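Peer 1: Numbering (our numbering), first residue to last: -18 to 135. Where is the CB? At the ideal position from N, CA and C, for every residue including glycine. The structure presented is a predicted model; accordingly, all values stated were derived computationally and were not measured.
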Ligand SMILES: [Zn+2]
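1. Evaluate contact between the region 26 to 38 and the region 64 to 71, counting only Cβ atoms and requiring at least three cross-stretch pairs below 8 Å.
2. Label residue 97 either buried or exposed according to how many other C-beta atoms from any shown protein chain fall within 10 Å of its C-beta, with 16 as the threshold for buried.
3. Following a CB-centred definition, is residue 134 positioned closer than 7 Å to any heavy atom of ligand 1?
4. Report back the beta-carbon spacing between residue 104 and residue 115 to the nearest angstrom; my notes put them in contact at under 8 Å.
5. Considering residue 96, what are the terminal residues of the beta strand (DSSP E) in which it resides?
6. What are the complete alpha helix (DSSP H) segments, minimum 4 residues, inside the region 88 to 134?
7. Mark residue 91 as exposed unless 16 or more other C-beta atoms lie within 10 angstroms of its C-beta, in which case mark it buried.
8. Let me check one thing: in DSSP terms, what residues is residue 49 bridge-paired to?
Written out as structure tokens, the structure reads:
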């Protein structure tokens, strides 16, 4: 039971550390080592939840990993979890889509990016659902409606 071995202790902290080091878009590129490391450590359903996101039961992880249509990110995909369950994937989003999704959505992606105001504006402008260089992935909790997600870049 690989999932049971690693649940609640996913090695995603490396991402936060890398992001905390700051540095605008160059972070995404310079972070190659961190993302490569994540890729090496994550397999499929291990990328469900983790970090600040709640762990889910193995059955739920299975359902998301094997019976839910996935999406394709620039880096290793992650799946937002909330209320001990996998959230609904709302879609890949650029700046315009995020603005339409509402202030909560923008704030979630901004908080997760870890960028301060100047870098955030630059990064926000670069968000594009199809072409990048950065894309946001938005989710909504199926139980309480909380919006969650993250973004990554090429
Ligand atoms: Zn919830």
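Peer 2: Per the coordinate set shown:
1. Enough Cβ pairs lie closer than 8 Å, so yes.
2. The C-beta of residue 97 has fewer than 16 other C-beta atoms within 10 Å across all chains shown, which makes the residue exposed.
3. Answer for residue 134: no, Cβ out of range of ligand 1.
4. Right, their Cβ atoms sit about 6 Å apart.
5. According to the DSSP assignment, residue 96 belongs to no beta strand (DSSP E), since it is labelled neither H nor E.
6. Correct list: 98 to 107.
7. By the 10 Å Cβ count, residue 91 comes out buried.
8. Within the DSSP secondary-structure output, residue 49 pairs in no beta bridge.
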